[in-house]
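Asker: Quick note, the sequences are listed as chains A and B, same order.
The numbering of the first sequence is our numbering, which starts it at 1 and goes up by one.
The numbering of the second sequence is our numbering, which starts it at 399 and goes up by one.
Let me begin by handing over the structure; questions about it come next.
Protein chains: 2
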Amino acid sequence: MFHLKINQNYLNLQESYLFKTIAQRVGSYKAENPEAEIIRLGIGDVTRPLAPVVVEAMRRAAAEMGDAATFRGYDDGGVGYDFLREAIAGYYAGKGVELEPDEIIVSDGAKSDAGNLLDVFAPDASALIPDPVYPVYVDTNVMAGHAIHYIDGCEQNGFLPSPGDVPPGVEPDIIYLCSPNNPTGAAYNREQLGAWVEWALGRRAVIFFDAAYESFVRDREIPTSIFEIEGARGCAIEICSFSKLAGFTGVRCGYTVVPRSLTADGVKINALWRRRQTTKFNGVSYITQRGAEAALSPKGLAQCMENVTYYLENAKIIADAMSARGIWFTGGLNAPYIWMRCPDGLDSWAYFDKLLRDKNVVGTPGEGFGENGKYFFRLTAFGSRENVVRAMERMGGR
Amino acid sequence: MFHLKINQNYLNLQESYLFKTIAQRVGSYKAENPEAEIIRLGIGDVTRPLAPVVVEAMRRAAAEMGDAATFRGYDDGGVGYDFLREAIAGYYAGKGVELEPDEIIVSDGAKSDAGNLLDVFAPDASALIPDPVYPVYVDTNVMAGHAIHYIDGCEQNGFLPSPGDVPPGVEPDIIYLCSPNNPTGAAYNREQLGAWVEWALGRRAVIFFDAAYESFVRDREIPTSIFEIEGARGCAIEICSFSKLAGFTGVRCGYTVVPRSLTADGVKINALWRRRQTTKFNGVSYITQRGAEAALSPKGLAQCMENVTYYLENAKIIADAMSARGIWFTGGLNAPYIWMRCPDGLDSWAYFDKLLRDKNVVGTPGEGFGENGKYFFRLTAFGSRENVVRAMERMGGR
Chain A
1 MFHLKINQNY LNLQESYLFK TIAQRVGSYK AENPEAEIIR LGIGDVTRPL
51 APVVVEAMRR AAAEMGDAAT FRGYDDGGVG YDFLREAIAG YYAGKGVELE
101 PDEIIVSDGA KSDAGNLLDV FAPDASALIP DPVYPVYVDT NVMAGHAIHY
151 IDGCEQNGFL PSPGDVPPGV EPDIIYLCSP NNPTGAAYNR EQLGAWVEWA
201 LGRRAVIFFD AAYESFVRDR EIPTSIFEIE GARGCAIEIC SFSKLAGFTG
251 VRCGYTVVPR SLTADGVKIN ALWRRRQTTK FNGVSYITQR GAEAALSPKG
301 LAQCMENVTY YLENAKIIAD AMSARGIWFT GGLNAPYIWM RCPDGLDSWA
351 YFDKLLRDKN VVGTPGEGFG ENGKYFFRLT AFGSRENVVR AMERMGGR
Chain B
399 MFHLKINQNY LNLQESYLFK TIAQRVGSYK AENPEAEIIR LGIGDVTRPL
449 APVVVEAMRR AAAEMGDAAT FRGYDDGGVG YDFLREAIAG YYAGKGVELE
499 PDEIIVSDGA KSDAGNLLDV FAPDASALIP DPVYPVYVDT NVMAGHAIHY
549 IDGCEQNGFL PSPGDVPPGV EPDIIYLCSP NNPTGAAYNR EQLGAWVEWA
599 LGRRAVIFFD AAYESFVRDR EIPTSIFEIE GARGCAIEIC SFSKLAGFTG
649 VRCGYTVVPR SLTADGVKIN ALWRRRQTTK FNGVSYITQR GAEAALSPKG
699 LAQCMENVTY YLENAKIIAD AMSARGIWFT GGLNAPYIWM RCPDGLDSWA
749 YFDKLLRDKN VVGTPGEGFG ENGKYFFRLT AFGSRENVVR AMERMGGR
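Written as structure tokens, this is what we have:
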């Protein structure tokens with residue numbers, strides 16, 4: 001119809017039928033078995049309410065917006081109010097990571113940043129992406145027309161591929177790491193992450209470190225920020241979010257840390273990313289930013305951590321049930337996900353059907369996250385305690 | 399430092415020193431004249447508080463998020479809750495424009511959409527952009543590496559360039575129209591907009607219609623949506639926002655209307671844009687969406703319109719003062735901007751300095767919006783009534 005051509009890369013996107021297919025199969029089963037009480041352990045979204053101090057901060061901020069004396073318009077610059085960037089810097093200081101507030105750029109979420117960051121790099125960049133993985137890394141690189149190399153997660157490496165697993169000859173520009181990982185729940189320890197930093201520095205590659213699940217880490221050997229690793233300021237960008245820490249999946253606030261020292265073609269990436277954001281984005285709601293600030297206050301963190309701990313206890317119940325049944329899995333500690341090998345050599349869709357039919361429990365077939373997920377299955381800890389316990393009783397591990 | 403190359407198009411961006419230079423000059427003047435009471439008529443941001451029903455809706459929504467029974471996580475799909483898309487469709491119905499809710503895709507603002515929309519089109523697209531104009535159109539096309547053609551706004555065409563003003567031989571893929579216009583306040587009437595639609599249809603070009611200031615229109619001959627024009631569903635995408643209607647510059651909510659009938663390369667643009675948004679964006683805060691819904695309720699619209707009317711009355715005071723002094727201008731009606739010819743043949747920076755020094759009034763030099771603004775000056779109606787009246791007294795028109 002138009003002269004205008006579309007971005008042809010979009011034609012290379014794979015349609016994801018994962019959640020659509022799950023909904024269809026569950027729907028058909030329920031239609032045939034209206035009495036069945038189905039328990040969903042496939043939810044990838046938080047379910048616990050926001051912390052009271054966060055709600056109170058947002059209600060107060062909304063009231064401020066209704067008063068001429070305290071009304072706020074544009075967040076000047078659109079990279080986050082000082083009060084929030086300073087609160088985030090304080091949160092990192094608690095991890096032993098020193099950041100300047102200018103290195104923190106606030107946004108509406110980690111998903112937006114993971115995709116939009118590619119805007120500032122050349123279209124001939126190549127990406128190294130683990131398989132299985134959060135599908136957004138692949139889709140955004142397809143949209144950008146980038147060459148994509150995969151690195152295999154598997155039982156042997158505990159779904160924590162190391163530089164030694166990179167196929168020979170592959171020299172990526174961008175390395176995606178997500179730890180604790182979605183979907184596997186596996187998390188890199190200090191030494192493993194150090195090996196990646198060293199490898200990236202040696203090859204002048206940049207690591208996009210997705211720390212969205214950092215708030216689930218309880219083991220002190222697991223870094224919650226890549227900047228806990230020496231040298232990371234020379235090779236890494238960290239993407240993080242309030243979605244899991246504070247239950248902000250429906251509130252929308254994230255941030256990206258770009259060290260001032262990072263340059264490409266002699267240009268500071270921090271300045272490029274700011275330019276991208278101030279040109280194509282106009283900041284996050286003042287109300288949301290006050291809520292995020294409250295989440296990082298001592299009282300807010302304590303309240304948020306009650307929810308995270310609730311999910312972690314769910315995860316442990318699932319993990320213990322798997323252990324009791326002798327099923328191999330990753331995650332369940334330091335993460336809200338349990339990534340289990342399907343029993344009896346079943347593939348992930350066959351196991352999905354069997355679990356639905358025999359136990360009335362719904363999970364997520366691993367194949368939805370990449371080829372290496374074909375014989376694995378994701379269970380999540382975001383449901384209610386009661387449902388988690390009942391599901392594990394049905395599955396026979398408890 | 400990295401192998402990775404940057405997006406070289408970013409090197410072609412012009413640094414904007416406009417607001418920085420204004421701040422510096424005002425700062426120096428104040429340092430030398432600490433007693434001076436400076437009135438700012440350069441503000442491009444709303445200043446009136448949010449409507450009470452909007453604040454109440456957001457406070458209620460925040461409370462819902464703190465209760466397990468009413469908590470909401472991800473806005474499924476990230477294109478806006480049904481309740482808001484239906485409210486927007488209702489708002490358009492009030493303009494006589496029928497939209498399907500699926501044609502409305504909610505986002506965090508018109509600025510984001512104006513930039514991100516380019517993602518779904520080919521990198522060799524060419525854009526036709528009015529001069530003067532909101533700088534984001536130019537910058538985002540520079541970032542995308544597009545060829546940019548300008549179309550001149552001038553005193554002769556009332557800063558409303560028509561297809562007849564397109565330079566010979568220019569056949570753009572994308573045409574940017576902003577009406578009512580930022581910075582000129584000029585607005586296309588039905589006939590003028592009809593000529594653009596016809597021209598676009600004849601050339602198979604797409605119009606990006608920026609309707610951010612639609613709520614200021616009081617003249618029934620001025621369309622508030624391009625879809626009031628016959629044929630526009632075959633050639634236009636409309637970008638709109640709650641920023642000016644409801645004072646949401648600090649709350650962040652906008653939307654883009656992509657008719658289902660639009661296709662390029664045989665692909666529905668609505669589907670491409672949805673794919674872009676669901677992959678690189680995760681929706682707008684539930685709290686914000688409830689606020690936006692409230693703004694479109696009968697009571698909300700009435701309250702929001704009180705603020706818009708306040709600004710329009712400011713605009714009229716400025717426009718009347720210009721008329722009384724015999725100064726040529728556009729805007730002042732159906733818009734919060736007055737775009738005046740600088741007196742005495744001064745260029746816009748010389749007039750800026752003179753106005754600051756002689757009258758202690760600050761405006762925005764037209765040159766900041768393009769070459770054709772060199773002898774023009776933007777005054778805005780977003781200040782307080784008192785300041786607007788005093789500024790016009792000082793400027794001698796009242």
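C-beta atoms are modelled at their ideal positions from N, C-alpha and C, and glycine is treated no differently.
Remember, it's a predicted structure, so these values are computed and weren't measured experimentally.
Check whether chain B comes within 8 Å of residue 244 of chain A, counting only Cβ atoms and requiring the distance to be less than that.
Answerer: Stepping through the first sequence from its first residue, residue 244 of chain A is reached at position 244. No, because no Cβ of chain B sits closer than 8 Å to the Cβ of residue 244 of chain A.
Asker: Looking at C-alpha atoms only, which residue of B/573, B/566, B/689 and B/500 is the closest neighbour of residue 528 of chain B?
Answerer: As a working mapping, residue 528 of chain B is identified with position 130 in the second sequence. Selected option, being the one with the closest Cα: B/573.
Asker: Helix, strand or coil: which one does DSSP assign to residue 557 of chain B?
Answerer: By 1-based counting over the second sequence, the position of residue 557 of chain B is 159. Residue state, collapsed to three classes: coil.
Asker: Would you say residue 84 of chain A lies against chain B (beta-carbon separation less than 8 Å)?
Answerer: The residue labelled residue 84 of chain A in the question sits at position 84 within the first sequence. No - not a single Cβ of chain B is within 8 Å of the one on residue 84 of chain A.
Asker: Does the beta carbon of residue 295 of chain A sit closer than 8 Å to a beta carbon anywhere in chain B?
Answerer: By 1-based counting over the first sequence, the position of residue 295 of chain A is 295. Using a CB distance cut-off of 8 Å, residue 295 of chain A does not count as an interface residue toward chain B.
Asker: Does residue 71 of chain A get closer than 8 Å to chain B when you measure Cβ to Cβ?
Answerer: Here residue 71 of chain A refers to the residue found at position 71 when the first sequence is read from its first residue. Between residue 71 of chain A and chain B, the shortest Cβ-Cβ separation is below 8 Å.
Asker: Beta-carbon separation of residue 402 of chain B and residue 382 of chain A under 8 Å?
Answerer: Translated into positions along the second sequence, residue 402 of chain B becomes position 4. Translated into positions along the first sequence, residue 382 of chain A becomes position 382. For the 8 Å CB-CB criterion, residue 402 of chain B and residue 382 of chain A do not form a contact.
Asker: Residue 58 of chain A CB to nearest chain B CB: under 8 Å?
Answerer: Walking along the first sequence from the start, residue 58 of chain A turns up at place 58. Chain B, which has a Cβ nearer than 8 Å to the Cβ of residue 58 of chain A, makes this yes.
Asker: Round the Cβ separation of residue 252 of chain A and residue 105 of chain A to the nearest angstrom and send it over; I've been treating them as touching at under 8 Å.
Answerer: In the first sequence, the residue the question calls residue 252 of chain A occupies position 252. In the first sequence, the residue the question calls residue 105 of chain A occupies position 105. That belief does not hold up - the Cβ atoms of residue 252 of chain A and residue 105 of chain A are roughly 15 Å apart, past 8 Å.
Asker: So is residue 66 of chain A in contact with chain B if we call contact Cβ pairs under 8 Å?
Answerer: Within the first sequence, the letter at position 66 stands for residue 66 of chain A. At least one chain B Cβ lies under 8 Å of residue 66 of chain A.
Asker: Could you spell out the range, first to last residue, of the alpha helix (DSSP H) harbouring residue 754 of chain B?
Answerer: Along the second sequence, one-based indexing puts residue 754 of chain B at 356. Its alpha helix (DSSP H) spans residues 746-757.
Asker: Where residue 721 of chain B and residue 530 of chain B are concerned, what is the direct C-alpha to C-alpha distance, given to the nearest angstrom?
Answerer: Position 323 of the second sequence, counted from the first residue, corresponds to residue 721 of chain B. Position 132 of the second sequence, counted from the first residue, corresponds to residue 530 of chain B. So the alpha carbons of these two residues sit roughly 22 Å apart.
Asker: Report the residue from A/49, A/297, A/101 and A/20 whose alpha carbon sits nearest the alpha carbon of residue 42 of chain A.
Answerer: On the first sequence, position 42 is the one that residue 42 of chain A refers to. Closest option to residue 42 of chain A, Cα to Cα, is A/20.
Asker: Tell me the start and end of each unbroken alpha helix (DSSP H) in the region 687-711 of chain B that is at least 4 residues and wholly inside, in chain order.
Answerer: none
Asker: Can you tell me the Cβ-Cβ gap for residue 526 of chain B and residue 568 of chain B, rounded? I've got them flagged as a contact below 8 Å.
Answerer: Within the second sequence, the letter at position 128 stands for residue 526 of chain B. Within the second sequence, the letter at position 170 stands for residue 568 of chain B. Confirmed, about 7 Å.
Asker: Answer with yes or no whether the minimum CB distance from residue 507 of chain B to chain A is below 8 Å.
Answerer: Counting from 1 along the second sequence, the entry for residue 507 of chain B is found at position 109. Chain A contact via Cβ: present.
Asker: Mapping the DSSP letters down to three states, classify residue 402 of chain A as helix, strand or coil.
Answerer: As shown, chain A starts at 1 and ends at 398. That puts residue 402 of chain A outside it, with no answer to give.
Asker: Could you tell me whether the Cβ of residue 793 of chain B comes closer than 8 Å to any Cβ of chain A?
Answerer: By one-based count along the second sequence, residue 793 of chain B stands at place 395. Not closer than 8 Å to any Cβ of chain A, the Cβ of residue 793 of chain B fails to qualify, so no.
Asker: Please report the Cβ distance between residue 778 of chain B and residue 734 of chain B, rounded to the nearest whole angstrom; I am assuming they are in contact, meaning their Cβ atoms lie under 8 Å.
Answerer: As a position in the second sequence, residue 778 of chain B is number 380, starting the count at 1. As a position in the second sequence, residue 734 of chain B is number 336, starting the count at 1. The pair is a contact, with the Cβ atoms about 6 Å apart (cut-off 8 Å).
Asker: List the residues of chain B whose Cβ lies closer than 7 Å to the Cβ of residue 80 of chain A, in chain order.
Answerer: As a position in the first sequence, residue 80 of chain A is number 80, starting the count at 1. The premise fails here: residue 80 of chain A is roughly 13 Å from chain B at the closest Cβ pair, so nothing lies under 7 Å.
Asker: I'd like to know whether the C-beta of residue 168 of chain A is nearer than 8 Å to at least one C-beta of chain B.
Answerer: Taking the first sequence and counting its residues from 1, the one referred to as residue 168 of chain A is at position 168. Not one chain B Cβ lies under 8 Å of residue 168 of chain A.
Asker: In the DSSP output, what is residue 107 of chain A paired with across the bridge?
Answerer: Residue 107 of chain A sits at position 107 when you count from the first residue of the first sequence. Bridge partners of residue 107 of chain A: A/254.
Asker: Return no unless some Cβ of chain B is closer than 8 Å to the Cβ of residue 223 of chain A.
Answerer: In the first sequence, counting from the first residue as 1, residue 223 of chain A sits at position 223. Not one chain B Cβ lies under 8 Å of residue 223 of chain A.
Asker: Whose Cβ in chain A lies nearer than 7 Å to the Cβ of residue 606 of chain B?
Answerer: Indexing the second sequence from 1 puts residue 606 of chain B at position 208. In chain order: nothing, as chain A lies at least about 11 Å away.
Asker: Evaluate the contact criterion for the region 212-227 of chain A versus the region 238-257 of chain A: three or more CB pairs, one atom per stretch, below 8 Å.
Answerer: Here the region 212-227 of chain A makes contact with the region 238-257 of chain A; the two share three or more CB pairs at distances below 8 Å.
Asker: Could you give the first and the last residue of the continuous alpha helix (DSSP H) run that contains residue 832 of chain B?
Answerer: Since the displayed chain B opens at 399 and closes at 796, residue 832 of chain B lies outside it and no answer follows.
Asker: Is there at least one Cβ from chain B nearer than 8 Å to residue 280 of chain A's Cβ?
Answerer: On the first sequence, position 280 is the one that residue 280 of chain A refers to. Between residue 280 of chain A and chain B, the shortest Cβ-Cβ separation is below 8 Å.
Asker: If you run the structure through DSSP and keep just helix, strand and coil, what is residue 730 of chain B?
Answerer: Residue mapping note: residue 730 of chain B aligns to position 332 of the second sequence, counting from 1. The answer is coil: DSSP assigns residue 730 of chain B none of H, G, I, E or B.
Asker: Quick check on the burial criterion: 16 or more other C-beta atoms within 10 angstroms. Buried or exposed for residue 588 of chain B?
Answerer: Numbered from 1 along the second sequence, position 190 holds the residue referred to as residue 588 of chain B. Exposed.
Asker: For residue 188 of chain A, count neighbouring C-beta atoms within 10 Å of its own C-beta (all shown protein chains included) and say buried if the count is 16 or more, exposed if not.
Answerer: By 1-based counting over the first sequence, the position of residue 188 of chain A is 188. The residue in question, residue 188 of chain A, is buried, as its Cβ has 16 or more Cβ neighbours within 10 Å.
Asker: Below 8 Å on the Cβ atoms is my contact criterion, and I expect residue 677 of chain B with residue 115 of chain A to pass it. Report the Cβ-Cβ distance as a whole number of Å.
Answerer: To locate residue 677 of chain B, count along the second sequence from 1; it is residue 279. To locate residue 115 of chain A, count along the first sequence from 1; it is residue 115. That pair is a contact at about 6 Å.
Asker: Would a check of beta-carbon distances place residue 270 of chain A closer than 8 Å to chain C?
Answerer: No chain C appears in this structure, whose protein chains are A and B.
Asker: Flag residue 450 of chain B as yes if its beta-carbon sits less than 8 Å from any beta-carbon of chain A, otherwise no.
Answerer: Residue mapping note: residue 450 of chain B aligns to position 52 of the second sequence, counting from 1. Yes, contact with chain A.
Asker: Considering just the uninterrupted stretch of the alpha helix (DSSP H) at residue 528 of chain B, what are its terminal residues?
Answerer: By 1-based counting over the second sequence, the position of residue 528 of chain B is 130. Residue 528 of chain B -> not in any alpha helix (DSSP H); beta strand (DSSP E) instead, spanning 524-529.
Asker: Which of the three DSSP states is assigned to residue 264 of chain A in this structure?
Answerer: Position 264 of the first sequence, counting from 1, holds the residue named residue 264 of chain A. Judged by DSSP in its simplified three-state form, residue 264 of chain A adopts strand.
Asker: Go ahead and pull the three-state DSSP assignment for residue 634 of chain B.
Answerer: Here residue 634 of chain B refers to the residue found at position 236 of the second sequence. In the structure shown, residue 634 of chain B sits in a strand (DSSP, three-state: E or B).
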